Amino acid sequence: MIQRGGEVVIRMLENVQQRTIEPLIKATIALGTMVYTDEYAIYNPFQDWGYAHKTVCHGVGEYARDEDGDGFCEVHVNTMEGFWSLLRSWLRPHRGISQEKLPVYLSFFEFVHNAKRRGKALLTALLQSLLASPPRNTY
């Protein structure tokens, strides 16, 4: 999930079903928020869950829609599509990542995106985050 101009949340799920995404959606997105998705049926209950919901239909070649005629296509999922493209490009050189280790890579990429810093500033943000976090059991 990504907020336009904001933060991203990446979670790896064992399966992608309405019952597995619903708790994550509700824990991450404020009720009443406008959510934009493609036409994948898993998203159909968003309005029942308390969200405003608009879709683009990739199946018929629709990728963005200007609903109010102002020349700005407000209905799209290009923000998320662009994020996935960056993630795939970043993962490509790390060929052979195990399913077990993939969440660590995803968490780091999420952190880097949300920190919105690069170079030494990113290192500083990473160290601050690590030092502020409670110790983890590693057995």
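When the letters of the sequence shown are read in order and numbered with the UniProt record's numbering, they come out as residues 1 to 139. C-beta: ideal position from N, C-alpha, C; glycine also. Computed from a predicted structure; not experimentally measured.
- DSSP places Ala-52 in the uninterrupted beta strand (DSSP E) bounded by 52–56.
- Comparing alpha-carbon positions, the option among Thr-20, Asp-38 and Tyr-51 lying closest to Asn-78 turns out to be Asp-38.
- Met-34 carries a strand assignment under DSSP once its states are collapsed to helix, strand and coil.
- Per DSSP, Tyr-40 lies in no alpha helix (DSSP H) segment and is marked neither H nor E.
- Here the alpha carbons of Gly-119 and Pro-103 stand approximately 23 Å from one another.
- Under a 10 Å Cβ-count criterion, Phe-46 is classified as buried, with 16 or more other Cβ atoms of the shown protein chains found around its own Cβ.
- Sixteen is the threshold: since fewer than 16 other Cβ atoms of the shown chains lie within 10 Å of the Cβ of Val-60, the residue is exposed.
- For Val-16, DSSP records no beta bridge to any residue.
- As the crow flies, the alpha-carbon of Ser-107 is around 34 Å from that of Asp-66.
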